[in-house]
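Everything in the sequence shown is counted per numbering that gives the first Met the number 0, starting at 0 for the first residue and increasing by one. Data first, discussion second: the structure below is written as structure tokens.
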Amino acid sequence: MGGLNMGKPIEELSPDMISLIQGNTIVLLNIVHKENERVYTTALSWVYAMNGKTIRFAIDAKSEFVKILENDPDLVLNFIGHESVYSVIGKATIKTRQTKGTTLKLAVLEVDVEEVRDIMFYGGKIVTEPLFIKTYNAELAVKLDREVKEVIFS
Numbered sequence: 000m001g002g003l004n005m006g007k008p009i010e011e012l013s014p015d016m017i018s019l020i021q022g023n024t025i026v027l028l029n030i031v032h033k034e035n036e037r038v039y040t041t042a043l044s045w046v047y048a049m050n051g052k053t054i055r056f057a058i059d060a061k062s063e064f065v066k067i068l069e070n071d072p073d074l075v076l077n078f079i080g081h082e083s084v085y086s087v088i089g090k091a092t093i094k095t096r097q098t099k100g101t102t103l104k105l106a107v108l109e110v111d112v113e114e115v116r117d118i119m120f121y122g123g124k125i126v127t128e129p130l131f132i133k134t135y136n137a138e139l140a141v142k143l144d145r146e147v148k149e150v151i152f153s
């Protein structure tokens with residue numbers, strides 16, 4: 000279902016969606032830069048659903064996405080799971096501008112979930128969910144994941 004015929008919206012993430020969005024799902028962040036009216040998208044992995052109405056994610060503190068969201072908090076998050084594709088509309092606030100004591104300097108943003116839609120086209124279903132690996136040092140990956148999870152949940 001695309002365009003204006005998207006699936007009926009719900010107001011919060013389902014329990015299945017919450018369990019899926021726990022730092023191991025690729026989530027696309029989409030924003031509009033009001034100054035040049037362009038849409039920007041980036042892929043995130045450090046994304047955690049705190050509950051049905053709140054999602055937190057970590058991103059490089061120097062990212063333009065942080066600056067843009069500070070001025071215009073509207074965003075859309077997309078993810079694939081449970082045989083479908085979902086769109087989450089929400090507003091972001093900066094929870095932590097720059098982490099301290101972490102290997103990477105990250106910003107933590109908190110999203111107030113306003114609407115969730117199943118946006119899979121009619122008659123389609125995802126048969127294989129996307130998988131990814133972190134291509135940098137395995138010990139560093141574990142360390143970064145642990146640090147990020149600590150700041151997300153603090």
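Note that CB positions come from ideal geometry on N, CA and C, so glycine has one too.
Cβ shell of residue i (< 6 Å), same chain only, five flanking positions each side left out
i: T40; result: L27, N29
i: L105; result: A57, A60, T98
i: A137; result: none
Where residue i sits in the DSSP three-state scheme
i: L19; result: helix
i: V150; result: helix
i: A63; result: Per the sequence shown, the amino acid found at residue 63 is Glu instead of Ala. If DSSP states are grouped into helix, strand and coil, E63 belongs with the helices.
i: V141; result: helix
i: N136; result: coil
i: L68; result: helix
Proximal residues to residue i (C-beta, below 7 Å), its chain only, five neighbours per side dropped
i: E82; result: K124, I125
i: I79; result: I125, E128, P129
Of the residues the options, the one placed nearest residue i, counting alpha carbons only
i: S86; options: E149, T98, I54, D71; result: I54
i: I67; options: E149, P14, E34, M49; result: E34
i: L103; options: N77, V147, Y47; result: V147
i: M49; options: L130, E128, D111; result: D111
i: M24; options: I88, S44, D71; result: Going by the sequence as given, residue 24 is Thr instead of Met. Ranking the options by Cα distance to T24, first place goes to S44.
i: M16; options: R116, I132, F131; result: R116
Strand pairing of residue i, partner residues [DSSP]
i: E163; result: Residue 163 lies beyond the range of the chain shown here (0 to 153); nothing can be said about it.
i: G39; result: The amino acid at residue 39 is misidentified as Gly; the sequence shows Tyr. Per DSSP, I30.
Residue i, enclosing beta strand (DSSP E) - first and last residue
i: F49; result: The question names Phe, but residue 49 in the sequence shown is Met. Per DSSP, M49 belongs to the beta strand (DSSP E) from 46-50.
i: G80; result: 73-80
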